[in-house]
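K.L.:
Residue numbers (UniProt numbering): 1 to 317. Virtual Cβ for every residue (Gly too), placed ideally from N, Cα, C. In this text the structure is predicted, and so the values were computed from the model without any measurement.
1) Considering Cα atoms alone, identify which of 301, 61, 91 is closest to residue 45.
2) What did DSSP end up calling residue 192 once you bin it into helix, strand or coil?
3) CB-CB under 8 Å to residue 156, same chain, minus the five flanking residues each way: which ones, in chain order?
4) Take residue 331 and list the residues in its own chain whose beta-carbon comes closer than 8 Å to its own, dropping the five residues that flank it on each side.
5) Can you pull the DSSP bridge partners for residue 281?
6) Considering only DSSP beta bridges, list what residue 91 is partnered with.
7) For residue 161, tell me which candidate among 128, 253, 29 has the shortest Cα-Cα distance.
8) For residue 261, which of 298, 228, 229, 227 has the nearest alpha-carbon?
9) Taking just the CA atoms, how far does residue 47 sit from residue 165?
10) Going residue by residue through the segment 200–230, where are the continuous alpha helix (DSSP H) segments of at least 4 residues, counting only ones entirely within it?
11) Buried or exposed for residue 316, going by 16 or more other Cβ atoms inside 10 Å?
12) Using C-beta distances below 7 Å, list every residue in its chain close to residue 214, excluding the 5 sequence neighbours before and after it, in chain order.
13) At the level of alpha carbons, what is the spacing between residue 303 and residue 82?
14) Can you grab the Cα-Cα spacing for the pair residue 232 / residue 241, in whole Å?
15) For residue 300, does the count of other Cβ atoms within 10 angstroms reach 16, so buried, or fall short, so exposed?
16) Unbroken alpha helix (DSSP H) runs of length 4 or more, entirely within the segment 67–141: which are they?
17) Excluding the 5 residues flanking residue 212 on each side, which residues of the same chain have their C-beta closer than 7 Å to its C-beta?
18) Can we say the segment 215–230 touches the segment 252–272, given the rule of at least three CB pairs closer than 8 Å?
19) When the Cα of residue 167 is compared with those of 148, 190, 18, which residue comes out closest?
20) Give the DSSP-derived three-state secondary structure of residue 165 in the structure shown.
21) Less than 8 Å separating the beta-carbons of residue 15 and residue 153?
22) Report buried or exposed for residue 205, applying the criterion of at least 16 other Cβ atoms within 10 angstroms of its Cβ.
23) Which same chain residues end up closer than 7 Å to residue 268 when comparing Cβ atoms and leaving out the 5 residues on each side of it in sequence?
24) Relative to the C-alpha of residue 87, which residue among 67, 95, 62 is closest?
25) What do you get for residue 139, buried or exposed, if any count of 16 or more other CB atoms within 10 angstroms of its CB means buried?
26) Quick check: is the beta carbon of residue 77 nearer than 8 Å to any beta carbon in chain D?
27) Could you tell me if residue 191 is buried or exposed, where buried requires 16 or more neighbouring beta carbons within 10 angstroms of its beta carbon?
28) The alpha helix (DSSP H) that contains residue 154, what's its start and end?
29) Relative to the alpha-carbon of residue 305, which residue among 20, 38, 6 has its alpha-carbon at the smallest distance?
30) Might you give, ordered along the chain, the residues of its own chain that have their beta carbon closer than 7 Å to the beta carbon of residue 200, omitting 5 neighbours on each side?
31) Counting C-beta neighbours from all protein chains within 10 Å, is the total for residue 66 16 or more, i.e. buried, or is it exposed?
32) Give the range of the beta strand (DSSP E) segment to which residue 7 is assigned.
33) Within a Cβ cutoff of 6 Å, which residues of the same chain sit near residue 312, ignoring the five residues on either side of it in sequence?
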C-alpha cells in the first residue's frame with residue numbers, strides 16, 4: 001500500500017480524574033474528564049531508508065528504541081503488519097505537553113495520537129474499536145494490566161462515570177466555569193498510595209470504610225452538580241473529597257499547600273487528582289480571569305506547570 005501523502009498528523013489529549021480516585025479501587029464510582037489543555041501531537045513524514053523516531057526521550061532509529069519506548073515501537077510494528085505495509089520510510093516525531101507519571105494519561109494519549117497518525121499516513125479509515133484495540137496493545141506493554149479507562153478518555157470527548165467491573169457511562173459536560181490543573185513536579189506514587197489505603201483499611205476498618213463510601217457518595221453528587229450546572233456545589237464537593245483523601249494518607253505537604261493556595265485565591269474548590277503523594281492537583285473557578293489568577297498564584301507557590309480548561313459551552317477564553 002502506497003501513501004498518497006508524504007506527511008500525516010495524529011493528536012490526542014490528556015485526562016483528569018475529577019473525583020473518585022482510590023475509592024474506585026473499592027467498587028465506588030469515579031469521574032474522569034478529557035483534558036484538551038494538555039495534548040499530544042505525532043507527526044509522520046516520509047523519508048528514505050529505515051524509520052526514525054524523535055521524542056523528548058530518544059532520537060534515533062525505530063529499531064533501536066529504548067525499553068521505555070518499546071510500547072510505541074511494538075504498536076507501530078503491529079499496525080504495519082496488520083495493514084500489510086513496511087515499517088521503514090517514516091520519520092515519527094512525538095511532541096507531548098502531558099507530563100508522564102502524573103495520572104494524566106500520558107502513555108495512552110501518545111499511543112492514541114500515534115495510531116491516528118499512522119492511519120492517516122497510510123490513508124486508512126480507523127474506527128473506535130480498532131483504535132481502542134491498538135491503544136490496549138501499547139498500554140499492556142507500558143502498564144501490565146491497564147483498566148482501559150485512559151484509553152477511553154484520551155481518545156474520547158466526553159466525561160466518563162465508571163465503577164470497576166461495569167461498563168463506563170459517558171455523559172455531557174455542561175458546567176459554566178474553568179478547571180485549573182497544576183503539576184507538583186513530583187511523580188505520583190500509585191502503588192505506595194494504594195497499598196497504604198489497604199493497610200489503613202486493615203488497621204482502622206470502620207473509619208476507612210466510611211471515608212471510602214463517603215467518597216463514592218461525593219462522586220455521585222459531583223455528577224449531579226455537573227448535570228445541573230452548579231459549579232459552586234461541585235467546588236464544595238471537590239474540597240470535601242480532598243479532605244477525605246488527606247485522611248486516607250494519599251496527599252502530601254506540597255499537594256495540601258497548592259490546594260490551600262487555590263482556595264485562598266478564590267477557587268470554588270480544590271483537590272489532588274490521581275494517585276496522590278505527588279502528581280497534580282485541580283481547582284475550579286467561575287471565570288477565565290479568576291482561573292488565570294489562581295494558576296499564576298499556584299506557579300508562585302511551587303507548581304511547575306499549570307493548565308486551564310473550559311468546562312462548558314458558555315465559557316470563553
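P.N.:
By the coordinates alone:
1) 91
2) helix
3) 34, 170
4) Residue 331 lies beyond the stretch modelled for the chain, which goes from 1 to 317, so this question has no answer here.
5) In the DSSP assignment, residue 281 is bridged to 182, 272.
6) 45, 52
7) 29
8) 298
9) 45 Å
10) 205–227
11) Any reading at residue 316 must be qualified, since the residue scores a pLDDT of 47, below 50, and its modelled position is unreliable; the value itself is stated next. That one is exposed.
12) 244
13) 43 Å
14) 14 Å
15) exposed
16) 70–83, 106–121
17) 23, 26, 28
18) With a cut-off of 8 Å, the segment 252–272 and the segment 215–230 do not count as touching, because too few Cβ pairs lie within range.
19) Looking at the Cα atoms, 148 is the closest of the given residues.
20) coil
21) yes
22) exposed
23) 231, 232, 235, 284, 285, 286
24) 62
25) buried
26) Chain labels in this structure do not include chain D; a single protein chain is all it has.
27) exposed
28) 149–155
29) 38
30) Around residue 200: 208, 248, 249.
31) exposed
32) 7–19
33) 174, 175, 176
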